[in-house]
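S.K.: Residue numbers (this note's numbering): 55 to 223. Ideal Cβ placement from N, Cα and C applies to all residues, glycine included. The structure follows.
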């Protein structure tokens, strides 16, 4: 059930981007950003339009944060780690009280940043996510011209991922 400002997930998890929501009302998976290996954002999908910015700016100290710069910083960090010979970083996880970022480096070509509710255990759905990403990049790697289509696919997947996560926990 989707209304103007709510997205419903099983067990009454929903997000109202117009209110000051608590972590209990944040869906497990808030959104995802996919960038190339240089940090250029290719596609972003969110459970509700504006959800990523809303959850990040929930902290008053983060009012000037520009979410579009996240992939650039993450890719720069990965490149720095390679320069100082820290090899094979499969993922990075960063967390604060409002959200968690789980970052995957996929096939040395893409950086994928998942924005999660801080209570989410990513390992529960890691295989589901890996399978989805494998299929996604095999099928759509050369279709990044139609970003709207990819965003819609990603949004549909976030709905399913949230529902599957809630069923398994």
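Would you mind reading off the limits of the alpha helix (DSSP H) that contains residue 127?
M.R.: First-last of the alpha helix (DSSP H) with residue 127: 124 to 137.
S.K.: Can you tell me whether residue 164 is buried or exposed? The criterion is at least 16 other CB atoms within 10 Å of its CB, across all chains shown.
M.R.: Residue 164 is buried by the Cβ-count criterion.
S.K.: In three-state terms, what does DSSP make of residue 219?
M.R.: Reduced to three states, the DSSP call for residue 219 is helix.
S.K.: Looking only at its chain, what residues have a beta carbon closer than 8 Å to the beta carbon of residue 97, apart from the 5 residues adjacent to it on each side?
M.R.: Around residue 97: 87, 88, 198, 201, 204, 205, 208.
S.K.: Is it buried or exposed for residue 219, if we count other Cβ within 10 angstroms and need 16 for buried?
M.R.: Flag for residue 219 reads buried.
S.K.: Is the stretch 129 to 145 close to the stretch 104 to 114, with three or more CB pairs under 8 Å?
M.R.: In short, these stretches do not touch, since the Cβ pair count stays below three.
S.K.: Which one of 94, 82, 92 has the shortest CA to CA distance from residue 100?
M.R.: It is 82 whose Cα lies nearest to the Cα of residue 100.
S.K.: Can you tell me where the alpha helix (DSSP H) holding residue 193 begins and where it ends?
M.R.: Counting along the chain, the alpha helix (DSSP H) containing residue 193 begins and ends at 180 to 194.
S.K.: Using 10 angstroms around the beta-carbon of residue 175, count the other beta-carbons present and answer buried if the total reaches 16, otherwise exposed.
M.R.: Exposed, by the Cβ-count rule.
S.K.: Whole angstroms are fine: how far does the CA of residue 161 sit from the CA of residue 94?
M.R.: Rounded to the nearest angstrom, the two C-alpha atoms are 16 Å apart.
S.K.: One question on the structure: do residue 222 and residue 182 come within less than 7 Å of each other, judged by their Cβ atoms?
M.R.: Not a contact, by the Cβ cut-off of 7 Å.
S.K.: Helix, strand or coil: which one does DSSP assign to residue 107?
M.R.: Of the three classes helix, strand and coil, the one that applies to residue 107 here is helix, per DSSP.
S.K.: So residue 154 and residue 129 are supposed to be a Cβ contact under 8 Å. How far apart are they, rounded?
M.R.: With a Cβ gap of about 19 Å, residue 154 and residue 129 do not count as contacting.
S.K.: Tell me which residue opens and which closes the beta strand (DSSP E) that residue 90 is part of.
M.R.: Counting along the chain, the beta strand (DSSP E) containing residue 90 begins and ends at 83 to 90.
S.K.: Would you tell me roughly how many angstroms separate the C-alpha atoms of residue 190 and residue 211, rounded to the nearest one?
M.R.: Approximately 11 Å, taken between the alpha carbons.
S.K.: Give every residue of the same chain whose Cβ lies closer than 7 Å to the Cβ of residue 121, excluding the five residues on either side of it in the sequence, and list them in chain order.
M.R.: Cβ neighbours of residue 121 beyond the five flanking positions: 106, 107, 110.
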